[in-house]
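Residue numbers (the numbering used here): 718 to 856.
Virtual Cβ for every residue (Gly too), placed ideally from N, Cα, C.
Notes follow the structure.
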């Protein structure tokens with residue numbers, strides 16, 4: 718009787734192990750890595766987004782360009798309120814297949830719908846790791 722239970726449990730474990738590789742992997746770097754990057758950002762700005770440009774063809778990973786006007790400067794002096802800004806963001810398209818590793822990018826489809834966002838930038842004005850937050854639209 719006990720050996721039947723062991724075989725039954727063993728069979729369930731084997732079935733679960735066989736299905737595990739079929740599940741999408743979504744491992745990222747630990748959250749503190751992104752928090753540290755944001756804490757070290759030289760510039761933090763809020764942008765009213767006018768356009769997000771993504772590759773025209775289907776793609777997996779690429780750079781999308783976010784364009785807009787600086788609505789507020791929360792940290793730093795690289796930017797001024799009211800000035801235009803363009804920043805490249807890592808983005809993923811319809812061909813992207815999730816795999817273990819660092820954050821690959823923001824959904825290009827979702828970025829196209831955002832009208833306001835907060836950007837965490839380094840000294841050269843480039844986005845830090847996971848340095849974009851979508852914000853509610855301005856009323």
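Nearest-angstrom beta carbon gap, residue j and residue i [assumed within contact, 8 Å]
i           : j           : result
residue 790 : residue 798 : 6 Å
residue 819 : residue 752 : Not confirmed; about 14 Å, so no contact.
residue 836 : residue 795 : Going by Cβ atoms, the distance from residue 836 to residue 795 rounds to 11 Å, so no, they are not a contact pair.
residue 817 : residue 809 : Actually they do not touch by this definition, with Cβ atoms about 15 Å apart.
Buried/exposed call for residue i, threshold 16 Cβ in 10 Å
i           : result
residue 742 : Because residue 742 carries a pLDDT of 40, less than 50, the predicted location of this residue cannot be relied on, and no value is offered for it.
residue 823 : buried
residue 854 : exposed
residue 771 : buried
residue 847 : buried
residue 750 : exposed
Member of the options whose CA lies at the smallest distance from the CA of residue i
i           : options               : result
residue 762 : 786, 750 and 808      : 786
residue 712 : 811, 796 and 764      : This structure leaves residue 712 out entirely; the chain is present only between 718 and 856.
residue 783 : 749, 851 and 792      : 851
residue 766 : 844, 772, 749 and 802 : 802
residue 764 : 792, 832 and 807      : 832
residue 843 : 813, 807 and 814      : 807
residue 815 : 840, 778, 788 and 793 : 778
residue 841 : 793, 849, 768 and 834 : 793
residue 849 : 800, 856 and 781      : 781
Are at least three pairs of beta-carbons, each pair with one atom in the segment 743–758 and one in the segment 823–830, less than 8 Å apart? Counting Cβ pairs under 8 Å, fewer than three are found: no touch.
Tell me the start and end of each unbroken beta strand (DSSP E) in the segment 812–847 that is at least 3 residues and wholly inside, in chain order. Runs of the beta strand (DSSP E) inside the segment 812–847: 833–838.
What are the start and end residues of each continuous beta strand (DSSP E) run of 3 or more residues lying completely inside the segment 748–772, in chain order? If only complete runs of 3 or more residues are kept, the segment 748–772 shows the beta strand (DSSP E) at 760–770, in order along the chain.
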